[in-house]
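Working notes, beginning with the structure itself.
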Amino acid sequence: MSDGEPLVRWQWIADHGAELADYTALHLRLGLLPVLFGLLVSVPLGILCHRRRRLYPPVLTVANILYSIPSLALFMVFVRYTGLTEQTVMIPLTLYTLSVLVPNVVDGLASVPEPVRLAATAMGFGTVRRVLQVELPIAVPVVIAGVRVAAVSSISLVAVGQLIGQGGLGYYITRGLQLDFPTPIVTAIVLIMLLALATDALLVLAQRLLTPWSRNRVTTA
Amino acid sequence: MIRFDAVSKKYPNGTTAVDEVTVELAEGAITILVGPSGCGKTTTLRMINRMVEPTAGTVSLRGRDIREVDAPELRRGIGYVIQHAGLFPHRTVLDNIATVPLLLGWGRKKARARAAELLELVGLPAEMAKRYPNQLSGGQQQRVGVARALGADPPVLLMDEPFSAVDPIVRAELQTEFARLQKELHKTIVFVTHDIDEAIRLGDRIAVFRDGGRLAQFDTPERLLSHPADDFVAGFVGQDRGIRRLSFVQAAGLPLRDGPVLPVTSPVTAARALDEPWVLVVDDARRPLGWTPVADLPESGTLADAALVPLGHTFSLVGDSARAALDSALLSPARLAVGVDADGAVVGVADAYELTAGAAPARRTDAAGSTVAADSAGGDR
Amino acid sequence: MNDFLNQIRLVADWLTSSAQWHGDEGIPARLLEHLTYSGLSLLCAALIGLSAGLLVGHTGRGAFAVASVANLARAIPTFGLVVLVVTLAGLSTAPVLVALVALAVPPILINTFEGVRGVDPATRDAARGVGMTEWEVLVKVEVPMALPLILLGLRVAAIQVVATATVAAYPGLGGLGRFIVDGLARNDYELVIGGSAVVVALALVVQAAFTALGRAVVSPGLRVSAPKS
C-alpha cells in the first residue's frame with residue numbers, strides 16, 4: 000500500500016453505490032439460500048435423529064467432519080462437478096450449516112417438556128400431528144438460535160467463494176488486493192458484517208413474532 | 000457451642016433476612032431451624048460457615064468469633080449438606096467423599112480409605128465407590144452428600160433442607176438412617192427444613208422463624224406442640240399438633256381399664272353377660288387372638304367356636320408412644336386400643352377419648368404460662 | 000461415480016509423484032508452514048481466550064461484553080480480514096498471525112465463559128461450603144466441569160485457524176493453501192485437487208485429535224446420564 004493512502008476513500012464508495020448494492024444483494028442470496036437449504040435438510044433429519052436416538056451420534060459426527068473441512072478445499076471438491084458457479088459455493092455452505100442446525104433441532108425437540116408430549120398424546124394427537132403442531136413450535140426458539148449462528152457464519156464465509164469467482168462482496172476483497180487499495184476491502188468487510196448483524200437482528204425479531212410465549216426467556220446459542 | 004449474639008443480616012436493598020437473633024445451640028444435639036420460605040432460616044445456617052456474613056452481631060463457635068478464622072479453613076472443619084446434595088459430577092462417589100480430607104492434605108491413600116469407611120457408614124455398598132453421581136438415585140446422592148460432609152469428622156454439621164428433594168418414602172428412610180447415624184456420632188447438627196413434621200421427628204431443639212427473620216420460638220419439639228408461644232407458631236405447627244404431641248408421651252403412663260377381655264375357653268354366655276358389642280378373645284397366656292362381635296356368637300359352646308375379626312394393631316406399653324396407642328384405638332373394630340406388655344399379654348384397653356385425656360399435659364394455671372422462653376424449656380430428652 | 004474414481008486416481012497420482020515430497024514447495028514444507036501458523040496462533044489465542052473466559056465466567060463480570068464480542072467476531076469475514084492485513088502491513092507472517100489469533104480468541108473465550116458459568120450454582124455452593132478457596136473452586140470444580148465446552152471452543156478455533164490459514168495463501172502466504180491457489184491460477188486441476196486432499200486430511204486429523212483429547216480428559220461423570228431412581 001502506498002504511503003499516505005487512507006484506509007477509506009469515501010469518494011470511491013460514493014462512485015460505486017449502485018454496483019455495491021448489486022453485490023450486496025448477490026452476497027445475501029449466496030449466504031442465505033444455503034441456510035434455507037440447510038434448514039430443509041436439518042428439520043427432517045433432526046426429527047429422525049430425535050426419534051431414532053441411535054442415528055444421532057453418527058449423523059452428528061458426519062456433520063462435524065464436514066464442518067471441519069476448510070471452505071477453500073471443499074469448494075474445489077465440487078468445482079469438478081458444478082464448475083465455477085454459484086452452486087459450487089452454496090453446496091459447501093449448506094453442508095456447513097448442518098453441524099449447527101441438526102443439533103439445535105434435536106435439542107429443541109428434546110426441550111419439549113415430557114408432560115406436554117404426554118398430554119398431546121393423551122388428547123389424541125397422532126405422531127405426525129404431534130411433532131408438527133406441538134413439538135416443533137416449542138422447539139422454535141432453540142432452532143432459531145441455531146439459524147442465527149448458521150446465517151451469520153454463512154454470510155461471512157461467502158467471501159472465500161471469490162477464489163472461484165463467486166464471492167458476492169468478496170469481489171471487492173480480491174479487487175482491493177490486486178489494486179493495492181484498501182477502500183474496497185474495508186467496505187466489503189463492513190458491509191458483510193452489517194449484513195450478518197442485520198440478519199441476526201431480524202431473526203431475533205422473527206423469533207419473538209413466532210413464539211410470543213417465550214418472550215421473556217433468553218435464548219442464545 | 001454455636002452462639003448467635005444479636006445477629007442480623009440486612010441487604011443493601013433494605014430487606015432484612017435475619018433480625019437480631021440471639022440463640023445458643025447445644026453441643027451434640029440436633030437443632031432444627033424451621034419456618035416458611037424467606038424467613039431467614041437458611042441465611043442463619045449459612046452464617047455459621049461464613050457463606051453469608053452478618054451485618055450486625057457476632058456468631059461464635061466454641062467461644063471463638065468465627066470472623067477470626069479464614070473462611071475456607073473454617074468450612075473444612077464444618078460439614079455441609081445441601082438440597083440435591085451438590086455433588087461434583089466429574090468426580091467418582093469415592094472422590095466426592097474424599098474431597099475435604101484431600102483439601103486438608105491427608106494424601107490420596109488415606110483420604111480414599113476414609114471415604115470407603117464413610118460410604119459404609121451411610122449405608123451404601125462398596126461397589127458404588129467407582130460410580131459417578133449421575134448414576135445414583137436422588138436418595139443415594141443424598142447419602143453421598145452426608146458422607147462427604149462427614150469427611151474430616153467435623154464436630155459440626157450444617158444441613159440445608161437435605162432431604163426435601165427426594166420422595167416421601169425415601170425421605171422417611173433417610174430420616175431414620177440419619178437419626179441412627181446421630182446416635183452413633185453425636186455431632187452438633189444445625190438442620191434447616193420447611194417441613195414441621197421433619198423438624199419434630201428429628202430435632203432435639205427447634206427454632207421456629209417467622210417472616211422478617213425473627214426467631215418466634217426456640218424450644219423442644221414437645222413444648223412447641225404443647226405450648227406454642229403465639230398464634231403464628233401454633234398455626235405453623237398445624238391443626239393436628241395435639242395428635243402429633245402424643246408421639247412424645249410414653250404409652251406406659253396411659254390409663255387402661257380391664258375391658259371386655261375373655262379367654263378363649265370361656266362359654267359364649269359369659270361373653271353375652273358382659274353386655275358389650277365386642278369381646279377381645281385371648282389365649283391362656285392372655286395374648287390377644289382377635290375381636291368377636293357378640294351379636295354373631297353361636298347359641299352355645301365356647302369362644303373357640305366364635306368367628307374372630309383381626310385385631311388391627313395393638314400397642315406395647317414398653318416403647319410405644321401414646322400416638323401408637325391412639326392409632327390402635329382408631330384402627331380397632333371395637334374402637335378400643337389394646338395395650339400389651341413386653342410378653343405380648345393384654346394389660347388393658349382404652350378408647351380414643353380415654354387415651355387423649357390421659358395423655359393431656361398437666362394444665363398450667365399461671366397466667367404467663369403460654370410464653371415459653373428459650374432457656375426455660377423443660378423436658379430432658 | 001466413474002468421475003469420482005478419476006478424481007481419486009488424480010489425487011493418488013499427485014500424492015505419489017516424488018516431486019511433491021521434496022523442497023520448499025513440497026508437501027512436508029507446506030504442511031510444516033501450515034502447522035506453524037495454525038499452532039502458534041491457536042496457542043496464543045488459547046492463552047488469551049482461556050484466561051479471559053475463566054476470569055469472566057468465575058466472577059460473572061463482563062458477561063455481556065463477552066457475548067457481544069463473540070457475536071461480532073462470528074460476523075467478520077476471515078478472508079477479508081487476512082487480505083486487509085496483508086494490504087495494510089505488507090506480505091509478512093506476523094501480521095497475518097495476529098489476524099489468526101484475533102479470529103481464534105472469540106470461540107475459545109465464549110465457550111470457556113459459558114462452560115464455567117453453566118456450572119450448577121448448587122455445585123459451586125457445595126464447593127465453597129466444603130472449604131475450597133476461590134482458586135480451588137475454579138481449578139478443581141469449574142474447569143473440569145466446563146471442560147467439554149472448553150474443548151469445543153478450542154476445536155472450533157482450531158478449525159477456523161486451519162481454514163483461514165489455507166485462505167491466507169491467496170494474498171501470498173505459504174501453507175497448504177498454496178497448492179490450491181497456485182493450481183487455480185495455473186489451471187492445474189491436479190494440483191488443486193491434490194492440495195485440497197491434503198487440507199481435508201489435515202482437517203480430519205485435527206477433528207480426530209480433539210475427539211481423542213475429549214475422551215482422555217473429560218470426566219466420564221459428565222458424560223453418563225442414566226439416572227436410575
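Those protein sequence lines, which keep their order, are chains A, B and C.
0 is the number of the first residue of the first sequence in numbering that gives the first Met the number 0; add one for each residue after it.
0 is the number of the first residue of the second sequence in numbering that gives the first Met the number 0; add one for each residue after it.
0 is the number of the first residue of the third sequence in numbering that gives the first Met the number 0; add one for each residue after it.
C-beta atoms are modelled at their ideal positions from N, C-alpha and C, and glycine is treated no differently.
Which of helix, strand or coil DSSP assigns to residue i
i: residue 131(C); result: coil
i: residue 9(A); result: helix
i: residue 169(C); result: coil
i: residue 173(A); result: helix
i: residue 12(C); result: helix
i: residue 105(B); result: coil
i: residue 45(A); result: helix
i: residue 79(B); result: strand
i: residue 50(B); result: coil
i: residue 395(B); result: This structure gives no information on residue 395(B), because the portion of chain B shown stretches from 0 to 380.
i: residue 149(A); result: helix
i: residue 289(B); result: strand
i: residue 266(B); result: strand
i: residue 55(B); result: strand
i: residue 51(A); result: coil
i: residue 155(A); result: helix
i: residue 57(A); result: helix
i: residue 225(B); result: helix
Assigned exposure category for residue i - 16 Cβ within 10 Å defines buried
i: residue 122(A); result: exposed
i: residue 22(A); result: buried
i: residue 75(C); result: buried
i: residue 170(A); result: buried
i: residue 220(A); result: Model confidence at residue 220(A) stands at a pLDDT of 40, short of 50, so the residue's coordinates are unreliable and nothing is read from them.
i: residue 8(B); result: buried
i: residue 18(B); result: buried
i: residue 120(A); result: exposed
i: residue 14(B); result: exposed
CB of residue i within 8 Å of CB of residue j, strictly
i: residue 158(C); j: residue 114(C); result: no
i: residue 208(B); j: residue 32(B); result: yes
i: residue 153(C); j: residue 209(C); result: yes
i: residue 71(A); j: residue 165(A); result: no
i: residue 16(B); j: residue 311(B); result: no
i: residue 33(C); j: residue 164(C); result: yes
i: residue 46(B); j: residue 6(B); result: yes
i: residue 291(B); j: residue 265(B); result: no
i: residue 72(C); j: residue 105(C); result: yes
i: residue 205(B); j: residue 220(B); result: yes
i: residue 273(B); j: residue 348(B); result: no
i: residue 149(A); j: residue 101(A); result: no
i: residue 20(B); j: residue 43(B); result: yes
i: residue 245(B); j: residue 236(B); result: no
i: residue 144(B); j: residue 102(B); result: no
i: residue 163(A); j: residue 74(A); result: yes
i: residue 175(C); j: residue 30(C); result: yes
i: residue 270(B); j: residue 279(B); result: no
Beta-bridge partners of residue i, as assigned by DSSP
i: residue 80(C); result: None; residue 80(C) has no bridge partner.
i: residue 23(B); result: 2(B)
i: residue 214(B); result: 208(B)
i: residue 9(B); result: 15(B)
i: residue 32(B); result: 191(B), 206(B)
i: residue 159(B); result: 81(B), 191(B)
i: residue 281(B); result: 262(B), 287(B)
i: residue 349(B); result: 336(B)
i: residue 301(B); result: 266(B)
**Request:** Check distances from the C-beta atoms of the stretch 115-131 of chain C to those of chain B and list, in chain order, the residues that come in under 8 Å.
**Result:** 119, 121, 122, 124, 125, 126, 127, 128, 129, 130, 131
**Request:** Can you give me, in chain order, the residues of the stretch 25-57 of chain B that have a beta carbon less than 7 Å from any beta carbon in chain C?
**Result:** 48, 50
**Request:** With 8 Å as the limit, tell me which residues of the stretch 55-69 of chain A have their beta carbon closer than that to any beta carbon of chain C; keep them in chain order.
**Result:** 63, 64, 66, 67, 68, 69
**Asked** Taking any Cβ of chain A, which residues in the stretch 134-154 of chain C have a Cβ under 7 Å from it, in chain order?
**Response** none
**Request:** Give the residues from the stretch 154-184 of chain C that approach chain B closer than 7 Å (Cβ to any Cβ), ordered along the chain.
**Result:** none
**Request:** Give the residues from the stretch 208-220 of chain C that approach chain B closer than 9 Å (Cβ to any Cβ), ordered along the chain.
**Result:** 217, 218, 219, 220
**Residues of the stretch 69-88 of chain C with Cβ closer than 8 Å to any Cβ of chain A, in chain order** = 70, 71, 73, 74, 75, 76, 77, 78, 79, 80, 82, 83, 85, 86, 87
**Request:** Could you run through the stretch 80-99 of chain B and flag, in chain order, every residue whose CB is less than 8 Å away from some CB of chain C?
**Result:** 81, 82, 83, 84, 85, 86, 87, 88, 89, 90, 91, 98, 99
**Item:** Near-chain C residues of the stretch 118-141 of chain B - C-beta to any C-beta below 7 Å
**Value:** 131, 132, 133, 134, 136, 137
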